[in-house]
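Be aware that the sequence shown starts at 162, since it is given in the working numbering, and climbs by one per residue.
Okay, so here's the structure we're looking at.
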Amino acid sequence: MKLDCFYKIKVTQNNRTETYHWGYFPYSMVLQDVKALYKQGADAVELEMITERQFNKQLLKNYTSDEQRLF
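Spelled out as structure tokens, the structure:
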């Protein structure tokens with residue numbers, strides 16, 4: 162979709178940082194989720210805009226080499 166955004170998200174809470182990759186969502190949904198993270202107690206939420214290619218490459222890391230061949 163034309164309005165899809167891709168982000169690398171770093172969420173810090175209680176001196177611990179976790180990284181997520183969000184994609185295929187319109188920016189309005191991303192903002193709603195960021196607000197929800199703060200309501201859940203996040204100290205900081207860092208958004209880094211990435212390309213669709215970077216997003217898909219990161220997704221492939223979650224699959225075994227056999228599963229990657231299916232894509």
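Where a beta carbon is used, it is the ideal one built from N, C-alpha and C, also for glycine.
Because the structure is a prediction, the values reported are computed rather than measured.
- Counting along the chain, the unbroken beta strand (DSSP E) around residue 165 starts and ends at 165-174.
- Within the DSSP bridge table, the entry for residue 216 names no partner.
- In the DSSP annotation of this structure, the continuous segment of the beta strand (DSSP E) that includes residue 205 starts and ends at 205-210.
- In this chain, residue 202 is not harboured by any beta strand (DSSP E), its DSSP state being neither H nor E.
- It is roughly 14 Å from the alpha-carbon of residue 183 to the alpha-carbon of residue 197.
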